[in-house]
Amino acid sequence: AAEANDAFGTSVTGDSNFIAIGAPGDAIGGDANAGNLAVFSHKLDADGRPTVVAGMDQDNEKISGSAEAGDKFGQALALVAYRPSGAATATDSILAIGSPGEALAAETGAAQQAGAGNVMLVHLAADGTWDYLRALNQGSSTDDRSGTIEAGDSVGASLSAVNTAPRAVGSADTLKIAVGVPGEDLAGAADAGAIHTFSLMGSAGANDLWIEAGDGDGVPGTPGADEKLGTSIHLTPRNLYAGMPYGPAATGALHVLPFPNVVPGGTSRPATTYQPGQGGLPANGNYFGYAAR
């Protein structure tokens, strides 16, 4: 039922098969801002509206973990259609669900790191049934994923996914996701931010890449406090667009990183920066790059 502060519609994503809408402010079992989401098909119901396929929250037995206050499950969503093995077309989809307030332990038995953040992957079949796949987060000493689970990283605050070959059978090479980590502290700079790319299929660690300012992937400069790289991202088969509205440029900037720069094993190419006052753009304004689409 609709309730005050559910924040339904904070995130919206869709592909050729489904539509998903997040409500990260929804209280689950009394846990404020635990969050949930709804999935719809494009088929219209008797009232002429998209047909409800599923509702998801972390108290669902299919979803890993449990609903907790402040998880903000559904704060960011990304949905991508793909062709499963044995199918002739892209009948199925993978839904990525950001839960940037999720508390996680860096190691088994260690203390929970508040607001570390998490991304959960769900497979949506052509008939509307669904299954949980796995979670994407930063690494620990027992895996080969980049980064370290830390408090306040806000993994999953933003998401963008792409299928680089929609007519081919989906694979680890063709299904990719960019995950924003705007709360990441780097080199003593609080909330410098970063972007973490993964495959939507296959092992997370074997197919991930960490991106931060000055690491050679195309974001210039060095990590700076409160720049929050990863706040605004958009992934396409050709480029990753990374907005930096909070600096270091006073007006903000948008960096365009060629796709090979942001996947493991790619040959790095020159990146492009759009910034007010350069390349013919008007010099006035603030927060340029706030929304990359």
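Per the numbering used here, the sequence shown starts with residue 1, numbered consecutively. Positions of the beta carbon are idealized from the N, C-alpha and C atoms, including for glycine.
(request) Could you tell me the distance, in whole angstroms, from the CA atom of G252 to the CA atom of Y290? (result) 8 Å
(request) Give me the Cα-Cα distance between N17 and G188, rounded to the nearest whole angstrom. (result) 44 Å
(message) Would you call the stretch 145-165 in contact with the stretch 228-237, where contact means no fewer than 3 C-beta pairs closer than 8 Å?
(response) Counting Cβ pairs under 8 Å, three or more are found: they touch.
(request) Kindly list the residues whose CB is nearer than 7 Å to the CB of V263, restricted to its own chain and excluding five residues on each side of it in sequence; keep chain order. (result) Excluding sequence neighbours, V263 sits near K176, T197 and L209.
(request) Enumerate, from N- to C-terminal direction, the unbroken beta strand (DSSP E) stretches of 3 or more residues contained entirely within the stretch 191-274. (result) 194-199, 209-211, 232-235, 239-244, 253-258 and 272-274
(message) Which residue wins for smallest C-alpha separation from G35, given the options D15, A88, T91 and G98?
(response) G98
(request) Please determine, among G218, M120 and Y287, the residue with the shortest C-alpha to C-alpha distance to V179. (result) Nearest option by C-alpha distance: M120.
(message) If you reduce the DSSP assignment to three classes, tell me which class T13 lands in.
(response) strand
(request) Could you tell me how far apart the beta carbons of A54 and L159 are, in whole angstroms, since I believe they sit closer than 8 Å? (result) Their Cβ separation, rounded to whole angstroms, is 18 Å, which puts A54 and L159 out of contact at 8 Å.
(message) Strictly by DSSP, which residues pair up with F73?
(response) In the DSSP output, where bridge partners are listed per residue, F73 has none listed.
(message) Please tell me whether G139 and S146 are closer than 8 Å, where the distance is taken between their beta carbons.
(response) One thing to note: G139 has its Cβ within 8 Å of the Cβ of S146.
(message) To the nearest angstrom, how far is the alpha carbon of D92 from that of A105?
(response) 32 Å
(request) Could you tell me if A271 is buried or exposed, where buried requires 16 or more neighbouring beta carbons within 10 angstroms of its beta carbon? (result) Burial check for A271: the Cβ neighbour count within 10 Å reaches 16 or more, so the residue is buried.
(message) Taking the straight line between their C-alpha atoms, what separation do you get for D15 and N60?
(response) 24 Å
(message) Going by C-alpha to C-alpha distance, which of T51, M201 and D26 sits closest to S85?
(response) M201
(message) For G279, tell me which candidate among A292, P260, R293 and L254 has the shortest Cα-Cα distance.
(response) L254
(message) Could you check whether G193 and G230 sit closer than 8 Å to each other, using their CB atoms as the reference points?
(response) yes
(message) For H123 and G277, I'd like the C-alpha separation in whole angstroms.
(response) 44 Å
(request) To the nearest angstrom, report how far apart F8 and P223 are at their CA atoms. (result) Pairing F8 with P223, the inter-Cα distance amounts to about 34 Å.
(request) State the start and end residues of the unbroken beta strand (DSSP E) segment that holds L133. (result) W130 to L136
(message) Going by beta-carbon coordinates alone, are Q75 and S171 separated by less than 8 Å?
(response) no
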